[in-house]
Amino acid sequence: CVLSYTDYTGKRKQTWKATGLPVKGNKKRAEEILIELRKSFVIPNDNLEFHEGMLFTEFMKAWLEVVRTTVVPTTFGGYQTTVMKKFIPYFEPKQLALANVQAKDLQTFYLHEMKTLSGTTVKHEHALLHKILKHAYRMDLISHNPADKVDPPRAERFEGSAYTEEELALLIEKSWDH
């Protein structure tokens, strides 16, 4: 079984585990073993420790390890993707200490994100940053949550539309033999 994951530094890694089964006639049993390994696998978290003066990006990586055990895997996957693909690449070059994160840093990040994303998506990012910083506050690593001072962008209102009779007829005609 091969387990692929992203380590605490954001690098892709793989771990191989032997099933001990003969190759022939054991596909179903091997898939069951893989499912069990996925459920029990914990990403190694070398050097992840909460401490005074840690970088904001270090804290986010450590927070991911904490939250992994409190949410369902799909929720965790969403958190991990946002932290590793959005937050870390933006904040890491700044080398910002957790204790020095200010509302203006978050506001600047939101303005940066609004250049390419919808207000709704950036609002979701704000909610996640708020949750991360709330954890830092509860752990007494920061004196207040700077996300409380920032207003997230307004979410766009969704307006759905239905097919016209002509569009529906065309859809049925084009997909008739599929």
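Numbered per this note's numbering, the sequence shown spans residues -5 to 172.
Heads up, the beta-carbon is just placed ideally off N, CA and C, and yes, glycines get one too.
Select from Glu119, Lys55, His45 and Thr51 the residue whose C-alpha is nearest the C-alpha of Leu90. Looking up residue 90 in the sequence shown gives position 96. That would be Thr51, whose Cα lies nearest to the Cα of Leu90.
May I ask you to report which of helix, strand or coil DSSP gives Trp170? The residue you call residue 170 lines up with position 176 of the sequence shown. Three-state result, Trp170: coil.
What is the DSSP secondary structure of Lys88, reduced to helix, strand or coil? As a position in the sequence shown, residue 88 is number 94, starting the count at 1. It is helical.
Are there three or more Cβ pairs, one per stretch, closer than 8 Å when the region 109 to 119 is compared with the region 145 to 155? Contact holds: three or more Cβ-Cβ distances are below 8 Å.
Quick one: what's Thr9 bridged to in DSSP? As a first step, residue 9 is located in the sequence shown; it is residue number 15 there, counting from the start. For Thr9, DSSP records a beta bridge to Leu(-3).
Could you please give the first and the last residue of the uninterrupted alpha helix (DSSP H) stretch that includes Lys22? Reading the sequence shown from its first residue, position 28 is the one you call residue 22. Looking at the DSSP string, the run of the alpha helix (DSSP H) that includes Lys22 is Lys21 to Ser34.
Excluding the five sequence neighbours on either side, which residues of its own chain have a C-beta within less than 8 Å of the C-beta of Thr177, listed in chain order? With the chain covering -5 to 172 only, the question about residue 177 has no answer from this structure.
With a Cβ-Cβ cutoff of 8 Å, do Phe44 and Leu165 count as a contact? Counted from its first residue, the sequence shown places residue 44 at position 50. Counted from its first residue, the sequence shown places residue 165 at position 171. No, these two residues do not count as a Cβ contact at 8 Å.
Okay, do the region 85 to 99 and the region 137 to 146 touch, 3+ Cβ pairs below 8 Å being the bar? Output reads yes: the region 137 to 146 touches the region 85 to 99.
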